[in-house]
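Working notes, structure below.
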Amino acid sequence: MILRCCVLAIGLVACQCFGGRVEALEFPPWLKTRRPPPPTTASSQQVQLPVYDGRIHAVNEIWLSLTNYGQIGAWRGLEPICCITDPRYDRRELGISWIPSCEYPPRSQNDYLSAMLLDVGGIRSLDTLLTWSWVSHQRLIESSALRSWGAYDPAAHADQEYYAVYDDTSAILDRYSRYDYYENRYYPATELEIHQKSYAWSMPFTKRFILFDFWIKNIGTHTLDECVAGLEVYPGIINDVHWEPFEHPGYSICGLVGETPGVVEGTYDTLNIAWVADQDGDPIEGKFWPVSPTAALGVRILRTPNDAPISYNWWSNLWGARDDDWPLLLEWGPRLRRNPALYGKSAAGPEGRRATYRMLRNGESDYDKLHSLFDYQAEGWYPPPASHGRDMVRQSGSQFILSTGPFGPLLPGDSLPFTLAVIIGKEFHQMPSNFFRNLDPYNPQPFIDNLHFDDLIESARWAGWMFDTPGYDSDGDGYRGRAHLINCIGDRCDSIFYTGDGVPDLRGPGPPYAPEFTLTSGPGYITLRWSGADTELDIDHMSGQRDFEGYRIFSGRFPTDDQFSLLASWDREDFERLAWNPDTKSWQVISYPRSTPEWKWIMRDAGFDPLHYTPGNLAEAYIDTVLDTLRNRRGDITHITPRIRYTSWRAHEYNRGNAYEENGYPVTNLIRRVASRDTIIDGDSLSYGVYETVIDHLNPAVPLYFAISAFDFGDYRVGLNSLESSPSNNFDYAHPIYSAGVVVDSGLQVSVYPNPYRVLYPDAHGRSTTYYREGYEGRGVHEFEEQDRRVWFVNLPEKATIRIFSLDGDLIREIHHPDPFLTKYSSAVGWDLVSRNVQAVTSGIYIWRVDSELGAQTGKLVIIK
Numbered sequence: 008m009i010l011r012c013c014v015l016a017i018g019l020v021a022c023q024c025f026g027g028r029v030e031a032l033e034f035p036p037w038l039k040t041r042r043p044p045p046p047t048t049a050s051s052q053q054v055q056l057p058v059y060d061g062r063i064h065a066v067n068e069i070w071l072s073l074t075n076y077g078q079i080g081a082w083r084g085l086e087p088i089c090c091i092t093d094p095r096y097d098r099r100e101l102g103i104s105w106i107p108s109c110e111y112p113p114r115s116q117n118d119y120l121s122a123m124l125l126d127v128g129g130i131r132s133l134d135t136l137l138t139w140s141w142v143s144h145q146r147l148i149e150s151s152a153l154r155s156w157g158a159y160d161p162a163a164h165a166d167q168e169y170y171a172v173y174d175d176t177s178a179i180l181d182r183y184s185r186y187d188y189y190e191n192r193y194y195p196a197t198e199l200e201i202h203q204k205s206y207a208w209s210m211p212f213t214k215r216f217i218l219f220d221f222w223i224k225n226i227g228t229h230t231l232d233e234c235v236a237g238l239e240v241y242p243g244i245i246n247d248v249h250w251e252p253f254e255h256p257g258y259s260i261c262g263l264v265g266e267t268p269g270v271v272e273g274t275y276d277t278l279n280i281a282w283v284a285d286q287d288g289d290p291i292e293g294k295f296w297p298v299s300p301t302a303a304l305g306v307r308i309l310r311t312p313n314d315a316p317i318s319y320n321w322w323s324n325l326w327g328a329r330d331d332d333w334p335l336l337l338e339w340g341p342r343l344r345r346n347p348a349l350y351g352k353s354a355a356g357p358e359g360r361r362a363t364y365r366m367l368r369n370g371e372s373d374y375d376k377l378h379s380l381f382d383y384q385a386e387g388w389y390p391p392p393a394s395h396g397r398d399m400v401r402q403s404g405s406q407f408i409l410s411t412g413p414f415g416p417l418l419p420g421d422s423l424p425f426t427l428a429v430i431i432g433k434e435f436h437q438m439p440s441n442f443f444r445n446l447d448p449y450n451p452q453p454f455i456d457n458l459h460f461d462d463l464i465e466s467a468r469w470a471g472w473m474f475d476t477p478g479y480d481s482d483g484d485g486y487r488g489r490a491h492l493i494n495c496i497g498d499r500c501d502s503i504f505y506t507g508d509g510v511p512d513l514r515g516p517g518p519p520y521a522p523e524f525t526l527t528s529g530p531g532y533i534t535l536r537w538s539g540a541d542t543e544l545d546i547d548h549m550s551g552q553r554d555f556e557g558y559r560i561f562s563g564r565f566p567t568d569d570q571f572s573l574l575a576s577w578d579r580e581d582f583e584r585l586a587w588n589p590d591t592k593s594w595q596v597i598s599y600p601r602s603t604p605e606w607k608w609i610m611r612d613a614g615f616d617p618l619h620y621t622p623g624n625l626a627e628a629y630i631d632t633v634l635d636t637l638r639n640r641r642g643d644i645t646h647i648t649p650r651i652r653y654t655s656w657r658a659h660e661y662n663r664g665n666a667y668e669e670n671g672y673p674v675t676n677l678i679r680r681v682a683s684r685d686t687i688i689d690g691d692s693l694s695y696g697v698y699e700t701v702i703d704h705l706n707p708a709v710p711l712y713f714a715i716s717a718f719d720f721g722d723y724r725v726g727l728n729s730l731e732s733s734p735s736n737n738f739d740y741a742h743p744i745y746s747a748g749v750v751v752d753s754g755l756q757v758s759v760y761p762n763p764y765r766v767l768y769p770d771a772h773g774r775s776t777t778y779y780r781e782g783y784e785g786r787g788v789h790e791f792e793e794q795d796r797r798v799w800f801v802n803l804p805e806k807a808t809i810r811i812f813s814l815d816g817d818l819i820r821e822i823h824h825p826d827p828f829l830t831k832y833s834s835a836v837g838w839d840l841v842s843r844n845v846q847a848v849t850s851g852i853y854i855w856r857v858d859s860e861l862g863a864q865t866g867k868l869v870i871i872k
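To convert a position in the sequence shown, counted from 1, into our numbering, add 7.
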């Protein structure tokens, strides 16, 4: 298999992307005897040169390289023979000198992948066809649902999306990519086209997976039968999962997580997560360090064409000694006896395209690598490895194929979907001594017991939920997916949906819509006003609840989340219900938060008060009877038992309304609900608020960004905490001065500050300082220059002309307001103290004149350098 990987990579880079030129590549010595003969077709045809492009998904906790030719990952370890198109733009934006393949956490250089390759094939006219080399003629297209991104697209679903189209029809790579060394023949093109869309989100529950949605289209003139599709996953070729700067042999373990406990106790889900991890997490001096690769890489298929079956096949490689310059590669992998032993000469990975096709459709789910020395012959498997078995388990590399098929037929012009998720499970290794103390190849269970699959499973489950949201009727046919009933009291039960309706949504739970707001300003103050109509009445996509909880207001000198400071928060007065769990001896949330009137209606008690039942003494808890359910492995209820339950209520969030208590003192909230509006939606009488915030005591010389976020109350059923919209996606810029409209209505006089302008001036402590050092000018620049200086003209109407003269009457500068380079506000514009000849002005007294619809106004300005 090492031969095939390098041959494939050579085909991919035969037309190097660097500079767009076609280069001849020299074969390594061990391939020189197996050069392909000259191609017999298409060699002299005029063909369009391929376009090679690479980008990096870097919006969440996984930095993942991808291409526009069916390759995920950067082939680390085989440069310069095998490489990805250099994603220069992304590396520059991220400030890194290396190309991350699948890096977690970001900037750690902990790499969990060499490359993944998309394989698609089928049977045409009795000939088995397969391709793993694709060609594209257009670059990757980026889009984003975030308004703050330059690639913002209102049609986008994710924070970061990449779209690629590539095909297997071009003749430009015939010399390398179409030749099969094992079968000694050229393969005809499959005449398939792939539309690839990848999605990454930055929300807390989406930070460790990226979705890939492939549409396989037949653009030829013949039907393709018995189709297959899959990913070949190579964690490493020379080194497996490891910290990239640490040059040492990397070894790995791998397996498949099939059935796992479901979201409701007593139920089970089948996720089929193929995973790979470093064999010990690389502890250093007996403990894990930030550079230790303690996570696991996973791949989960979320959608198969025509519900085709899934196959999982892995094989291991072990480098042995040999007399010449190249080591001996030993390979082994599990195989069922019912599957044809025609994958190649080795007993492991497939050799050649026909062998790969057979493996992609064999319907096999291999047992984990840690069980390699177990004898499963009675269950239909071939015997364990005859030699080097212990080394295969403890110190060898791993590769696997996760695939689906057969499916089809794929008629000319038809297309079928294939969707998967690339996942990272954090803290897979948590015990540094586990490998050395517990891994006995003949009894690996003590070692397995100390591996932690929880985060891998959780991320894989959320990947499925983001793809197809449980409980959401996407196509309006009334079906919302499968659900479990819980918390039954009489005939009232809560529902937990654990599958979607089969129609992809690419949308999971999210925070409420951040409200649109208006800003008005005056000297030293800013007023924000907004309505909660869209925010408070919105229904969460996943929970089906109107889950609005509150608002937060931020301000900052830069419109980024890390630069915004919290000014105030306002949230609904509501309470969540908790039940006492005698097994864990703790209180657990069992309800969404509700207001006191809502709880009175739910409890059928007009005098009910949640504050009478706060968590504490069980003797003071609310007591009722509920029905516990016993389920079989399919999740069906088989028995119902009544049980006494102890419950209590607690405030959700801070219950900060217009006024609240803090440390025993009354506080008036900066955010005030000034009015309430009623509406009717689908027969329900609902209300929402109108809000106002006045922020005063501001420095008129310092313009600021203001933002409003909205947050919800989360979802206790799936352990989801409160979600909040990003302030950087809902901000506006304001100057604490009069707006242009007020200036015109009131006929205000133009004002200039700072006047005089001093290059150096004393601060409040008498120390010499500058406007740049105090943050009044040059904000956001790393190295201050002359053109970063500012003298501000304020109280301007929307249009005005400012002219600055010397005392001799010479025109120094003319500014036409609004100037996009000198202002962001309607009633103010800055002068950068640069003359019309692009020279810094000198110290002196200057005359200014402003002409506008209010007439002409003049004044003096002093500059002291």
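Every residue, glycine too, gets a C-beta built ideally from N, C-alpha and C. These figures come from a predicted structure and were not determined experimentally.
Closest to residue i by CA distance: which of the options is it?
i    : options                   : result
E110 : E68, L101, R131 and V857  : E68
A428 : G237, D482, E233 and D547 : G237
R377 : E784, E371, Y119 and R397 : Before going further, note that residue 377 is Leu rather than Arg in the sequence given. The candidate whose alpha carbon is nearest that of L377 is R397.
Y620 : W838, R650, D590 and A586 : A586
R584 : E149, I630 and D643       : I630
F812 : G782, E781, V848 and V801 : V848
R154 : I819, A521 and T636       : A521
D232 : W222, D421, M123 and E805 : D421
G557 : D126, T135, Y695 and E190 : Y695
R663 : D612, A575, L120 and S850 : A575
Mind checking which residues open and close the alpha helix (DSSP H) that includes residue i?
i    : result
S372 : S372 -> no alpha helix (DSSP H), and no H or E assigned at all.
K607 : T603 to I609
R657 : First-last for R657: I644 to A658, but that is the beta strand (DSSP E), not the alpha helix (DSSP H).
R679 : Looking at the DSSP string, R679 is not in any alpha helix (DSSP H); the run it does join, the beta strand (DSSP E), is I678 to I688.
A613 : Careful: A613 lies outside any alpha helix (DSSP H) and carries neither H nor E.
A863 : Note, A863: premise wrong, no alpha helix (DSSP H); beta strand (DSSP E) at G862 to I871.
A882 : One cannot answer for residue 882 here, as it falls past the ends of the chain, which runs 8 to 872.
R95  : R95 to L101
Exposed or buried, which one is residue i when buried takes at least 16 other CB atoms within 10 Å?
i    : result
D554 : buried
T700 : buried
P268 : exposed
P392 : buried
F443 : exposed
Y778 : buried
H491 : buried
I852 : exposed
P530 : exposed
I560 : buried
I464 : buried
H772 : exposed
W37  : The pLDDT assigned to W37 is 32, lower than 50, so where the model puts this residue is not dependable; a value taken from the coordinates is nonetheless given after this. Burial call: exposed.
L85  : Model confidence at L85 stands at a pLDDT of 49, short of 50, so the residue's coordinates are unreliable; what they give is reported in the following sentence. Buried is the call here.
Under 9 Å between the Cβ atoms of residue i and residue j?
i    : j    : result
Y698 : I678 : yes
S108 : G80  : yes
I260 : A284 : yes
L868 : V798 : yes
R727 : A467 : The sequence shown places Leu at residue 727, rather than the Arg named in the question. Cβ atoms of L727 and A467: not closer than 9 Å.
A207 : D160 : no
Y169 : S140 : no
Between which two residues does the beta strand (DSSP E) containing residue i stretch?
i    : result
Y532 : Y532 to S538
E583 : F582 to N588
Below 8 Å, is the gap between the Cβ of residue i and the nearest heavy atom of the ligand PLP?
i    : result
D287 : The ligand PLP is not among the ligands present in this structure, which contains no ligands whatsoever.
contact_flag[the segment 721–739, the segment 824–831] where n(CB pairs < 8 Å) is 3 or more: no
Contact between the segment 405–412 and the segment 311–318 is defined here as three or more beta-carbon pairs at a separation below 8 Å; is this criterion met? yes
Whether or not the segment 590–604 and the segment 560–576 are in contact is what I'm after, with contact meaning three or more pairs of Cβ atoms, one per stretch, closer than 8 Å; do they touch? no
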